[in-house]
Structure formats: C-alpha cells, structure tokens
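In what follows, a single structure is set out as structure tokens and then discussed.
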Amino acid sequence: MANESRIKNNPQSNIKSSIDRKEELGRVAEEFVVNFEIKRMKKHPDRNSIRIISDEDCGAGYDILSYQKESSIFLDKYIEVKSYSGEPYFYWSINEVKVAEKEKNNYFLYLVNRDEMGNNNYSPIIIKNPYESVFNNDEWSKEPQSWKFELKDDA
3 MANESRIKNN
13 PQSNIKSSID
23 RKEELGRVAE
33 EFVVNFEIKR
43 MKKHPDRNSI
53 RIISDEDCGA
63 GYDILSYQKE
73 SSIFLDKYIE
83 VKSYSGEPYF
93 YWSINEVKVA
103 EKEKNNYFLY
113 LVNRDEMGNN
123 NYSPIIIKNP
133 YESVFNNDEW
143 SKEPQSWKFE
153 LKDDA
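So the sequence shown is numbered by my numbering: it starts at 3 and just counts up by one.
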C-alpha cells in the first residue's frame with residue numbers, strides 16, 4: 003500500500019503518464035489527418051501513399067506526407083499536426099519552424115480540435131505556409147517556453 007502511494011505521488015511517474023497521454027492524443031490526431039487527406043485526394047491514384055512520416059523520421063519537422071493536388075505526381079505536401087481542446091493553441095519546435103521556413107508553401111499546419119474529431123463533417127484548421135502566416139504574423143501571440151544554454155569554450 004505504501005509503495006502504491008509513493009508511485010501515485012511520484013512526480014516523474016506523473017510526467018511520464020502526461021507525456022504518454024500527449025503522444026496518444028497526437029497519434030489519434032495524426033491518424034485523423036491521414037484519413038482526412040485520403041478522403042480529400044479521393045481521385046488521386048496513389049492516395050494510399052499518404053502516410054505518417056514521424057514513425058520513419060521523428061526529426062523530419064512534420065508528421066505527414068500528402069499530395070497538394072490531385073495532379074501532383076509526388077508527395078509534395080508536408081503536414082505538421084497539432085491537436086488542441088477548446089481554443090486553438092500549439093507548441094512548435096525549432097526544428098518544425100526551420101522546416102516550415104524552408105518548405106514555405108509546401109508546408110501546412112493542421113490544427114485538430116480533439117472535441118470535434120468525431121463529427122462527420124469536421125475539418126481541421128489548415129494553415130498553408132505557417133512560417134509566414136503564423137510565426138511572422140502579429141495575429142498570433144508567441145512566448146518562448148524553454149531556453150538552450152551551452153558552456154562557452156573560453157569559460
């Protein structure tokens with residue numbers, strides 16, 4: 003009994019379960035977006051090539067590869083999926099920002115409301131070129147959540 007109480011009050015255990023929960027919610031949102039994209043590309047002959055890329059390359063800076071148009075010959079749409087509940091918000095890693103800056107109009111941010119995913123006609127918020135339309139835009143508030151510190155060579 004005492005050991006069970008210690009586990010429940012262990013901050014590291016709580017952090018781990020919080021991380022696991024966020025990963026689970028993210029995965030469900032990614033699967034929702036893959037299905038959304040496959041339906042959107044219903045006439046594309048290779049629509050089943052649309053896939054979650056984060057399984058293969060977690061450092062890619064995006065989660066899903068898709069097609070921008072039905073005439074696209076190759077997977078030319080890089081989608082970063084962020085899920086939320088309530089008002090739209092998200093955390094964006096420096097790697098994701100750099101890839102968005104590089105890929106410009108090929109990079110999309112899909113904001114998925116977890117409260118609405120079960121509705122048949124629900125569409126996520128889709129933001130094309132979020133580096134310009136979010137990161138470099140005053141309509142979105144931003145605040146740093148962490149800092150990187152390195153010991154200087156001459157210290």
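Idealized CB from N, CA, C, for every residue including glycine.
Excluding residues up to 5 positions away in sequence, Glu32, Val36, Asp65, Ile66 lie with their Cβ nearer than 7 Å to the Cβ of isoleucine 54 in the same chain. The beta carbons of isoleucine 96 and leucine 111 sit no closer together than 8 Å. When DSSP states are grouped into helix, strand and coil, asparagine 139 belongs to the coil group. The C-beta separation of valine 101 from tyrosine 109 comes to about 7 Å, placing the pair in contact by the 8 Å criterion.
Taking the C-beta atoms as reference points, glycine 28 is found nearer than 8 Å to serine 85.
The alpha-carbon separation between cysteine 60 and glutamate 98 amounts to approximately 11 Å. One alpha carbon belongs to proline 126, the other to arginine 116, and they sit about 10 Å apart. 8 Å or more divides the Cβ of tyrosine 69 from the Cβ of aspartate 57. Annotation: glutamate 152 is outside any beta strand (DSSP E) and is labelled neither H nor E by DSSP. Residue range 96-105 is occupied by the alpha helix (DSSP H) that includes glutamate 103. Per DSSP, the beta bridge partners of leucine 67 are Arg53, Tyr80.
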